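Q: Have a look at the structure that comes next, please.
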Amino acid sequence: MDLRSGKAFWPIQNGLIQSYPPLDQDLQTDVVVLGGGITGALVSWHLIQAGASCVVLDRRDVASGSTSASTAMLQYEIDTPLVQLSKMLGEQHASRSYLMCLQAIRDLEQISQVLETDVGFQKKHSLYLASRPQDARGLQKEHALRRKYGIEVELWDETTIAQHFPFRKSAALYSQEAAEVDPYRLCHALLHSGTRQGVQVFDRTEALSWDMDDTGVTVQTDRNFSIRARKMVFATGYEAQSMLRQKVVRLRNSYALVSEPLQDFTGWYEKALLWETARPYLYARTTTDNRILIGGEDETFRTLPFRERRIPFKQARLENKFRELFPDIPLETAFSWAGTFGETRDGLAYIGEHPDFPQAYFALGYGGNGITYSLLAAQMIRDRMVKGHHPDWEVFRFDR
């Protein structure tokens with residue numbers, strides 16, 4: 001599957017940080033992780049910390065799939081509002097997912113501090129805007145329910161918004177805890193740290209098949225070598241749908257751009273993360289080298305040639321929408337790209353076991369919270385393997 005098109009910013013900015021060899025021998029390990037993106041990196045890093053030996057395989061270069069196209073806004077807020085999610089799953093289940101994502105941001109900050117490399121992690125506030133006047137009432141309900149479960153969030157009215165920003169909206173939720181990161185550097189830093197502790201990483205090595213029995217799994221690769229493991233973790237993102245009989249994700253094309261470096265951010269209060277109630281939504285953040293990163297304009301997943309042709313058109317639409325919000329910021333696009341994005345019915349990830357794969361776990365961070373979901377998957381799978389349980393194992397299960 002073609003996971004990105006155009007000129008994604010992160011690989012261009014960072015270059016080839018590190019390469020890994022293809023698999024050239026048979027191996028035995030505790031866990032084999034399929035996927036060398038941010039999810040596989042987090043999973044393997046947590047497993048090796050817990051004392052489990054681990055092998056990571058990727059059929060591409062590591063971090064070159066969805067990770068390289070990510071806009072990496074770290075938010076506890078799920079694409080499905082808490083009020084709506086509570087109606088779908090019940091308040092207890094819904095609130096737990098929000099609180100877990102909130103804790104995930106804090107945990108990612110701690111991880112970024114122990115890595116040897118600066119991964120561009122910055123704490124931020126975020127502003128969730130009412131796209132239309134009629135959305136204000138929904139934000140009022142959302143504010144009340146979040147506060148009920150101890151989430152610090154402020155409800156801003158039109159006057160308050162206008163005091164901080166150059167645009168007028170009927171309402172917004174101003175959240176205290178959010179962050180941004182360089183996903184490409186984070187992925188490479190985690191893999192590098194993992195290899196220093198014993199993780200074995202092999203890219204340009206495809207898993208062609210796997211056989212599972214009561215004692216474990218044997219993975220056969222395209223280079224005619226095999227890996228025997230006790231467990232397997234699918235960290236294959238949107239490509240995992242092709243392995244599953246049930247439909248778990250709706251694939252979309254999503255578009256993004258990054259500006260040339262700027263010195264003038266006139267009107268952008270605190271450079272807070274921005275997103276809106278419309279679906280699909282516009283979102284924006286800044287980078288550590290003072291660029292603006294804008295994303296959105298999602299549409300039904302189409303073929304690579306179609307998506308390539310759409311990038312200039314979508315870039316123009318993103319630019320125009322941003323300029324409507326910030327007319328005094330001199331936006332000039334440096335790079336634009338498109339990536340594959342996936343939505344689930346309720347906006348939650350799929351993490352855990354599947355009856356068709358008795359010796360495997362899935363870590364599928366679908367939705368707008370991909371990196372925070374990946375962190376949760378890593379923690380939950382680690383605890384399930386090491387301790388035999390995780391208290392929130394049911395939250396992201398396949399049969400929810």
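Under the UniProt record's numbering, think of the first position of the sequence shown as 1, with each following residue one higher.
In this text, a Cβ means the ideal position worked out from N, Cα and C, and glycines have one as well.
Given the structure is predicted, the values throughout are model-derived calculations rather than measurements.
State yes or no: is the C-beta of glycine 36 within less than 9 Å of the C-beta of valine 181?
A: no
Q: Which of the three DSSP states is assigned to phenylalanine 326 in this structure?
A: coil
Q: Go through its chain and collect everything with a Cβ distance to glutamine 18's Cβ below 7 Å, but skip five positions before and after it.
A: His188, His192
Q: Report all residues from its chain with a CB closer than 8 Å to the CB of arginine 185; omit the five preceding and five following residues, and keep chain order.
A: Trp10, Asn14, Ile17, Thr117, Asp118, Val119, Gly120
Q: For the beta strand (DSSP E) containing serine 126, list its first residue and its last residue.
A: Taken as a continuous stretch (DSSP letters only), the beta strand (DSSP E) holding serine 126 covers 122-129.
Q: Considering only the alpha carbon of each residue, which of Gly150, Phe322, Pro305 lies closest to tyrosine 98?
A: For tyrosine 98, the nearest C-alpha among the options comes from Gly150.
Q: Roughly how many angstroms lie between the CA atoms of threonine 287 and threonine 218, to the nearest whole one?
A: 42 Å
Q: Do glutamine 176 and isoleucine 48 come within 9 Å of each other at the CB atom, strictly closer than that value?
A: no
Q: Among residues of its own chain, excluding the 5 on either side of lysine 314, which ones have a beta-carbon nearer than 6 Å to its beta-carbon?
A: Tyr255, Glu297.
Q: What does the alpha-carbon distance come out to for the pair glutamate 77 and aspartate 356?
A: 31 Å
Q: Does DSSP put threonine 160 in a helix, in a strand, or in coil?
A: helix
Q: Examine chain C for any beta-carbon lying closer than 9 Å to the beta-carbon of glutamate 332, and answer yes or no.
A: Among the chains in the structure shown there is no chain C, since it carries only a single protein chain.
Q: Suppose only complete runs of 4+ residues qualify. What are the alpha helix (DSSP H) ranges in the region 147-231, listed by chain order?
A: Along the region 147-231, the alpha helix (DSSP H) occurs as fully enclosed runs of 4 or more residues at 158-164, 183-197, listed in sequence order.
Q: Return the bridge partner residues of glutamine 75 from the DSSP annotation.
A: Paired residue(s): Ala178.
Q: Can you give the Cα-Cα distance for threonine 300 and glycine 51, rounded to whole angstroms?
A: Their backbone Cα atoms lie some 42 Å apart in a straight line.
Q: Would you list the one or two residues that DSSP bridges to residue 406?
A: Look at the range of the chain in this structure, 1 to 400, and you will see that residue 406 is not part of it.
Q: Give me, in chain order, the residues of the same chain whose beta-carbon lies closer than 8 Å to that of threonine 344; leave out the 5 immediate sequence neighbours on both sides.
A: For threonine 344, where only same-chain residues beyond five positions count, the Cβ hits under 8 Å are Val248, Val249, Arg250, Tyr350, Tyr366, Gly367.
Q: Between the alpha carbons of aspartate 135 and threonine 277, how many angstroms are there, rounded?
A: 7 Å
Q: Could you please give me the residues that DSSP links to glycine 339 through a beta bridge?
A: Per DSSP, Arg4, Ser254.
Q: Assuming isoleucine 105 and leucine 74 form a contact by the criterion Cβ under 8 Å, report the distance between their Cβ atoms to the nearest whole angstrom.
A: Approximately 5 Å separates the beta-carbon atoms of isoleucine 105 and leucine 74; this is inside 8 Å, confirming the contact.
Q: Buried or exposed: which applies to serine 242, given that a residue is buried once 16 or more other Cβ atoms fall within 10 Å of its Cβ?
A: Residue burial annotation: serine 242 is exposed, with fewer than 16 other C-beta atoms found within 10 angstroms of its C-beta.
Q: Between arginine 4 and serine 68, how many whole angstroms is the CB-CB distance? I'm expecting something under 8 Å.
A: 6 Å
Q: Would you please state the rounded distance, in angstroms, between the beta carbons of threonine 205 and threonine 221? I believe it to be under 8 Å.
A: Rounded, the Cβ-Cβ distance is 5 Å, consistent with contact.
Q: Which residue from Ala179, Gln84, Ile227 puts its Cα closest to that of threonine 372?
A: Ala179
Q: Relative to the C-alpha of isoleucine 329, which residue among Leu57, Ala144, Phe167, Arg309 is closest?
A: It is Phe167 whose Cα lies nearest to the Cα of isoleucine 329.
Q: Does DSSP put glutamate 239 in a helix, in a strand, or in coil?
A: Three-state result, glutamate 239: helix.
Q: Sort out for me which residues DSSP pairs glutamate 299 with in a bridge.
A: As a beta-bridge residue in DSSP terms, glutamate 299 pairs with Asn253.
Q: Could you check what DSSP says for threonine 29 in three-state terms: helix, strand or coil?
A: In the structure shown, threonine 29 sits in a strand (DSSP, three-state: E or B).
Q: Can you tell which of Val114, Arg382, Gly339, Gly370 has its C-alpha closest to the C-alpha of glycine 352?
A: Arg382
Q: Could you check the C-alpha separation between aspartate 107 and lysine 124 for me, to the nearest Å?
A: 15 Å
Q: Is the beta carbon of arginine 307 less than 9 Å from the beta carbon of alanine 334?
A: no
Q: In three-state terms, what does DSSP make of tryptophan 10?
A: helix
Q: Near valine 199, what residues of its chain come up, given a Cβ to Cβ distance below 6 Å and the 5 sequence neighbours on each side ignored?
A: Ser44, Ile48, Cys54
Q: Report the partner residues of alanine 284 according to the DSSP bridge assignment.
A: Leu274, Ile294
Q: Using DSSP's beta-bridge definition, name the partner residues of aspartate 383.
A: For aspartate 383, which the question treats as bridged, DSSP gives no partner whatsoever.
Q: Quick one, are the C-beta atoms of alanine 171 and glutamine 140 less than 9 Å apart?
A: yes
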